[in-house]
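There are 4 protein chains.
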Amino acid sequence: MRMTVRIAVAGASGYAGGELLRLLLGHPDVEIGALTAHSSAGDLLLKHQPHLLPLADRRLQDTTAEVLRGHDVVFLALPHGHSAAIAEQLGDDVVVVDCGADHRLTSADDWTRWYGGEHAGSWPYGLPELPGQRDALVGARRVAVPGCYPTVSSLALAPAVGLIEDEVVVVAVSGTSGAGKSLKPNLLGSEVMGSASAYGVGGAHRHTPEISQNLSAVAGRRIAVSFTPVLAPMSRGILATCSAQLKDGADVREAYEKAYADEPFVHLLPEGFWPTTNAVLGSNAVQLQVAVDADLNRLVVVAAVDNLAKGTAGAAVQCMNLALGLPETSGLSTVGVAP
Amino acid sequence: MRMTVRIAVAGASGYAGGELLRLLLGHPDVEIGALTAHSSAGDLLLKHQPHLLPLADRRLQDTTAEVLRGHDVVFLALPHGHSAAIAEQLGDDVVVVDCGADHRLTSADDWTRWYGGEHAGSWPYGLPELPGQRDALVGARRVAVPGCYPTVSSLALAPAVGLIEDEVVVVAVSGTSGAGKSLKPNLLGSEVMGSASAYGVGGAHRHTPEISQNLSAVAGRRIAVSFTPVLAPMSRGILATCSAQLKDGADVREAYEKAYADEPFVHLLPEGFWPTTNAVLGSNAVQLQVAVDADLNRLVVVAAVDNLAKGTAGAAVQCMNLALGLPETSGLSTVGVAP
Amino acid sequence: MRMTVRIAVAGASGYAGGELLRLLLGHPDVEIGALTAHSSAGDLLLKHQPHLLPLADRRLQDTTAEVLRGHDVVFLALPHGHSAAIAEQLGDDVVVVDCGADHRLTSADDWTRWYGGEHAGSWPYGLPELPGQRDALVGARRVAVPGCYPTVSSLALAPAVGLIEDEVVVVAVSGTSGAGKSLKPNLLGSEVMGSASAYGVGGAHRHTPEISQNLSAVAGRRIAVSFTPVLAPMSRGILATCSAQLKDGADVREAYEKAYADEPFVHLLPEGFWPTTNAVLGSNAVQLQVAVDADLNRLVVVAAVDNLAKGTAGAAVQCMNLALGLPETSGLSTVGVAP
Amino acid sequence: MRMTVRIAVAGASGYAGGELLRLLLGHPDVEIGALTAHSSAGDLLLKHQPHLLPLADRRLQDTTAEVLRGHDVVFLALPHGHSAAIAEQLGDDVVVVDCGADHRLTSADDWTRWYGGEHAGSWPYGLPELPGQRDALVGARRVAVPGCYPTVSSLALAPAVGLIEDEVVVVAVSGTSGAGKSLKPNLLGSEVMGSASAYGVGGAHRHTPEISQNLSAVAGRRIAVSFTPVLAPMSRGILATCSAQLKDGADVREAYEKAYADEPFVHLLPEGFWPTTNAVLGSNAVQLQVAVDADLNRLVVVAAVDNLAKGTAGAAVQCMNLALGLPETSGLSTVGVAP
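Residue numbers (full-length UniProt numbering), protein chains in the order written: chain B, 1 to 339; chain G, 1 to 339; chain H, 1 to 339; chain E, 1 to 339.
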């Protein structure tokens with residue numbers, strides 16, 4: 001006999017919401033309840049998510065606690081600043097999985113500096129592959145899903161923090177879906193196709209403190225992060241190139257093998273193979289490869305992730321599984337859609 | 001208690017083979033056996049299919065009857081001309097699902113004209129949504145999987161053959177994976193990105209007689225097909241624009257609603273919605289919409305399909321399900337990976 | 001001694017305006033004067049046209065007759081409905097080249113049906129390669145630049161109108177820049193990359209009557225047009241597949257060779273070569289190839305054009321050259337930017 | 001009265017050769033002579049360069065000294081290892097511009113380590129924007145055109161070498177045309193579209209010593225380079241993210257303004273603007289922007305270049321201009337083809 005988990009998605013008209021529903025439609029234990037939106041409330045879901053045929057007759061409702069109440073799990077795919085109030089109204093028996101940023105940072109000062117306003121507090125951080133995090137997620141009623149760049153950057157560097165100096169450099173090439181459905185000229189197809197561009201340069205991207213928080217927690221000392229995101233002409237995927245000065249001739253590969261040997265979703269590729277984003281498209285896998293630049297004694301790690309899947313919605317489902325005591329991999333896959 | 005179906009894939013290094021394995025990895029009743037290739041025999045599968053992590057330790061074997069024997073189902077994803085000989089050696093108890101062209105055409109003359117050489121005979125045609133075809137597939141031991149263009153074009157026009165004149169015009173925009181992994185200069189990324197081009201113009205594409213065969217069979221009279229394929233800068237997907245002169249003011253929409261009301265994979269979209277290829281990416285769905293150009297009294301049907309999924313490998317799995325008496329939709333989905 | 005032509009561009013923030021300026025920066029006889037916009041007036045041009053470095057210090061002004069007056073040539077790259085009033089205020093000594101639709105259709109009824117409102121009258125039609133059009137453009141003070149689809153479709157079929165039946169079918173695959181910088185969700189990079197979609201299906205696109213007008217004028221009888229535009233994942237370029245029933249065994253190729261033998265921009269490719277949109281990117285060339293489907297006795301013509309160049313801004317420059325008595329090819333090229 | 005320069009291109013079937021011809025067709029002082037190739041000798045040029053319509057009737061000849069002799073300038077766009085022998089046979093009165101790697105490195109040890117075999121000696125290095133280089137190119141009979149990555153990386157960092165520590169980190173996102181027309185599976189459109197991947201990771205790319213050579217020469221001390229190239233789904237363009245530890249609070253922006261104030265092709269963008277590769281597509285411009293990460297006191301420079309234009313063929317034309325005493329900017333533009 002199987003338990004059926006009734007879920008709701010707030011923010012179902014966006015890319016993260018759509019990906020949550022795509023994954024949850026394939027989850028054996030989930031029944032999809034209310035789907036809500038803000039300005040699109042009242043619309044057919046199909047207008048915003050034409051790929052979700054099994055939900056073709058669903059309409060978007062308003063994002064209110066009344067609508068969201070009565071589900072076992074509520075996924076929030078909202079702009080930051082909204083989740084604390086909603087979560088409070090839902091009560092402690094509901095599992096709330098927040099894909100937004102509100103509860104990721106543990107430092108209130110960091111929150112105020114990077115996002116502005118008052119810190120809503122931190123929730124268990126949904127990256128179970130980091131040391132110690134999985135236990136905090138088992139049975140959790142609140143989960144903060146990591147940012148997409150912090151997911152891939154943290155997993156790429158965490159096994160090495162004991163072997164490197166205190167500063168890392170991350171340049172991460174991302175597809176455009178990470179920017180959501182914002183109607184900005186620079187996100188138009190005509191602008192992005194055939195073009196690459198950097199943004200948030202010089203340490204200005206809000207994911208910077210989150211990466212630093214993760215690596216510093218693992219290291220037990222402050223790890224500074226130089227982070228530059230680059231937009232590339234693809235819808236999905238992040239390829240992160242992460243490097244750092246090595247302290248000595250430690251066996252880097254061994255550290256990664258050990259760290260991820262038992263992880264279902266993080267794969268260190270065999271030597272000679274390099275990650276590509278289309279190999280993980282739609283999947284919950286992270287593909288990693290490591291190299292040492294012997295001339296500089298510098299570690300270079302390349303990691304690929306689907307920003308919408310393991311980078312957001314896949315992680316959310318993984319965390320729901322942990323929170324509810326389901327198999328961690330239920331409804332998730334390591335098989336990408338390629339080519 | 002479930003049956004476990006042991007399958008083999010010949011041609012596992014190519015795009016069709018990769019897609020078969022992607023789908024079969026998610027099929028609840030399937031166990032993946034031998035994987036074979038021609039020039040890549042001996043390689044790690046991962047070298048050719050970096051997205052299939054659960055098979056990361058598998059090696060490709062030679063494509064021989066010895067290797068393929070002993071499986072319940074053998075999928076052939078080979079260049080045309082090879083399947084008859086292999087099938088013969090495998091015996092009648094093995095279900096052979098041929099993704100190649102060898103057994104699609106019923107006319108030996110057509111075969112010789114379009115492909116050259118001697119006709120290997122026709123097998124049950126794997127498009128169960130065409131009238132009468134599903135029954136022929138239930139329990140079949142041999143299946144000819146349709147070509148990708150014939151699949152989408154035939155489904156787009158079959159419900160209308162009673163309402164139209166005898167000639168149809170199909171212009172189908174396709175992603176490049178339909179051309180396989182052939183190392184041709186015009187398939188290089190540098191050439192295809194940012195560019196559209198037609199090929200096989202003037203009725204020269206081999207899928208032309210197959211479309212005509214399907215529509216003529218449904219119509220009970222010869223339907224002539226003007227078919228032009230256009231390569232567009234995307235990896236997957238076909239968008240077919242199909243038109244024909246209407247005989248009279250028949251209710252076209254009703255004909256399509258009736259034809260596909262009970263089909264799990266073919267979806268006539270609600271009015272006002274139009275198919276896009278990314279809405280069906282990776283899925284077994286066909287999305288359709290119909291319009292009538294009142295000035296010309298001309299029917300225009302637009303249909304989207306994933307050429308590798310429902311256009312090839314998804315159809316192959318669907319046919320295996322029918323052949324074995326499994327639920328037709330097992331291991332298949334109508335949910336695309338978008339955006 | 002050379003004449004210097006002082007030009008202004010109204011609508012300089014958009015794609016057509018940007019392409020006009022790109023071409024005019026390379027025109028030996030042109031000096032660039034006022035650049036105007038609507039909601040972007042006051043902005044640095046660089047904000048909207050980051051590729052126009054030589055104009056990096058220019059600011060956009062308001063689109064008013066006062067600003068535009070005092071130039072020899074004024075290019076209008078505005079939404080339809082605005083050009084008649086502006087042209088009237090500029091006086092007859094100024095050459096006004098309208099990239100919008102206002103003055104393309106000769107039939108007031110067609111205008112009202114397809115665009116609504118009152119017809120502003122027709123201007124000399126800027127497609128000099130059509131029979132009789134070039135003469136009307138020499139010395140003209142007003143020019144209506146054709147739509148991008150009508151340009152490529154008319155040039156693809158005009159030489160054949162005497163050889164075909166009265167109905168043509170055009171399916172034209174276009175890049176997204178044809179839709180301009182409109183901030184619509186379906187034009188976001190995340191939506192268009194990897195996807196093809198049709199729009200204006202069933203004879204609903206406004207370029208339909210313009211194509212019919214052109215072909216009918218050349219034929220001296222009504223040519224009906226079934227036109228379907230398809231959006232493909234590329235910024236620029238149109239590939240049109242145009243077909244029609246042939247009346248008899250006329251030598252189609254000869255008709256095209258004769259029609260375009262002396263045209264500087266329209267190139268019938270050698271047999272065996274097929275047009276691709278990247279071969280004409282940024283150029284004023286139209287590449288054509290013809291085929292006859294012998295089974296159906298049907299003509300199929302494939303034509304490639306850059307929608308922003310020969311499809312809009314290049315044609316506008318070509319027409320300016322004709323209007324002013326400059327060499328027709330000044331500032332224009334048949335060399336595409338490929339790959 | 002103008003001088004006419006008669007040029008030949010060896011390697012005219014490839015991407016660099018095609019781009020050279022595209023640019024030279026627009027050069028006011030150039031007449032295009034022999035075009036040669038290796039395995040494609042005898043083919044119509046149009047087969048390999050369908051965008052070069054003015055040369056549509058040209059055929060490729062064999063790459064021999066006999067064919068190349070008798071031109072004022074010979075451009076070599078060949079795999080490395082071939083240029084020394086050809087140049088020797090051409091004599092000292094011919095200007096030889098080598099787009100290959102043979103004569104870029106000054107250190108014979110570096111050559112042997114990175115390319116293997118014996119060093120053919122170094123030629124004047126074709127990056128006139130580096131301190132001291134322009135003078136060496138004026139009147140030169142031999143020019144080594146820089147690699148595409150070294151061009152953009154060196155220009156991005158050279159003005160700062162006095163302000164930074166001794167190690168720089170460069171992650172450069174590149175279009176696929178940089179890899180040439182090699183028929184490799186990973187360069188197929190189906191593989192590259194929608195995907196990003198790194199290669200030459202860990203200091204393995206041959207452009208690494210060239211970047212280090214350039215920066216070290218400017219700095220007067222050894223600058224170590226961590227370089228990672230990333231392939232992105234676009235045909236052209238490189239976006240380099242370059243960073244280094246700052247020594248102190250020097251005014252970085254001022255250093256860049258000063259360095260490039262009089263350069264026609266290198267543009268430091270106004271504050272608030274960031275480079276994109278499509279803004280420089282087809283042009284000889286380099287767009288730069290600088291930022292300082294105050295938390296880390298780290299300089300981050302982002303630079304965009306067209307790898308085929310300023311990154312290869314444009315630089316070659318620029319160097320030819322300098323060698324012959326023509327205006328440095330003849331036949332070149334800072335206007336990109338966008339969107």
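For glycine and all other residues, C-beta sits at the position ideal for the given N, C-alpha and C.
Contact annotation for T334 of chain E against chain H: L53, P54 [CB-CB distance below 7 Å, chain order]. In this structure the stretch 148 to 162 of chain B does not lie against the stretch 301 to 315 of chain E, because fewer than three pairs of beta carbons, one per stretch, are closer than 8 Å. If you look at Q133 of chain B, you'll find it in the alpha helix (DSSP H) that goes 133 to 137. The Cβ atoms of V286 of chain H and V225 of chain H lie no closer than 8 Å to each other.
Your pair P150 of chain E and I211 of chain E checks out as a contact, with CB atoms roughly 5 Å apart and the cut at 8 Å. By the beta-carbon neighbour count (other beta carbons within 10 angstroms, threshold 16), P339 of chain H is buried.
DSSP, reduced to helix, strand and coil, places C99 of chain H outside both helices and strands of the structure shown, so it counts as coil. CA-to-CA, the gap between L45 of chain E and G18 of chain E works out to about 9 Å. The C-beta distance from P275 of chain B to S154 of chain E rounds to 28 Å, too long to fall under 8 Å, and the pair is not in contact. Take the alpha-carbon of C242 of chain B and the one of S243 of chain E: they are about 13 Å apart. The alpha-carbon of K181 of chain B is positioned some 21 Å away from that of V97 of chain B. In this structure, H:S195 is the residue among H:D166, H:V302, H:G162, H:S195 with its C-alpha nearest to the C-alpha of G175 of chain H. Distance from the CA atom of G336 of chain G to the CA atom of R236 of chain B, rounded to whole angstroms, is 14 Å. Collapsing the DSSP output to three states places A198 of chain B in a strand.
Within the stretch 222 to 263 of chain B, the complete alpha helix (DSSP H) runs of at least 4 residues fall at 252 to 260.
Scanning chain E for C-beta atoms nearer than 8 Å to the C-beta of V337 of chain H yields R22, H51, L281, G282, V337, reported in chain order.
In this structure the stretch 45 to 57 of chain B lies against the stretch 12 to 29 of chain B, because at least three pairs of beta carbons, one per stretch, are closer than 8 Å. With a cutoff of 8 Å on beta-carbon distance, A85 of chain G and D62 of chain G are scored as not near each other. Taking the Cα positions, I223 of chain B is about 5 Å away from S216 of chain B. Per the coordinates, the alpha-carbon of V292 of chain G lies some 40 Å from the alpha-carbon of L324 of chain G. Pairing E31 of chain B with P128 of chain G, the inter-Cα distance amounts to about 30 Å. Close partners of F75 of chain H in chain E (Cβ separation under 7 Å) are lacking, with about 17 Å as the shortest Cβ gap.
For H103 of chain H, the closest alpha carbon among the candidates H:L21, H:P28, H:L68, H:S83 is that of H:S83. Its chain contains L246, K247, D248, A250, V252, A255, L299 as the residues whose beta carbon lies nearer than 8 Å to that of L163 of chain G, once the 5 sequence neighbours on both sides are disregarded; these appear in chain order. Taking a Cβ-Cβ cut-off of 8 Å, the neighbours of A224 of chain E in chain B comprise D295, L296, given in sequence order.
Under the three-state reduction of DSSP, E66 of chain E is assigned to helix. Residue burial annotation: G100 of chain B is buried, with at least 16 other C-beta atoms found within 10 angstroms of its C-beta. Runs of beta strand (DSSP E) with 3 or more residues, each lying fully within the stretch 270 to 321 of chain G, are found at 286 to 293, 298 to 305, listed in chain order. In the structure shown, R142 of chain B adopts extended strand secondary structure according to DSSP, grouped into three states. Chain B has a Cβ within less than 8 Å of the Cβ of A291 of chain E.
Among the residues of chain E, those whose CB is under 7 Å from the CB of N278 of chain B are G194, S195, following chain order. Of all residues in the UniProt domain "Semialdehyde dehydrogenase NAD-binding" (6 to 138) of chain B, the ones placed with a Cβ closer than 8 Å to any Cβ belonging to chain G are Y15, G18, R22, L25, G26, L44, L46, K47, Q49, P50, H51, L52, L53, P54, A56, in chain order. Neighbours of A285 of chain B in chain G, taken as residues whose beta carbon is under 8 Å from its own, are L53 in chain order. Under the 10 Å beta carbon count, T277 of chain B is surrounded by 16 or more other beta carbons and is classified as buried. Legend: CB atoms of the stretch 225 to 241 of chain B lying less than 9 Å from CB atoms of chain G belong to residues P233, S235, R236. Against V266 of chain E, chain B offers no close residue; the least beta-carbon distance is about 18 Å (beta-carbon pairs closer than 7 Å).
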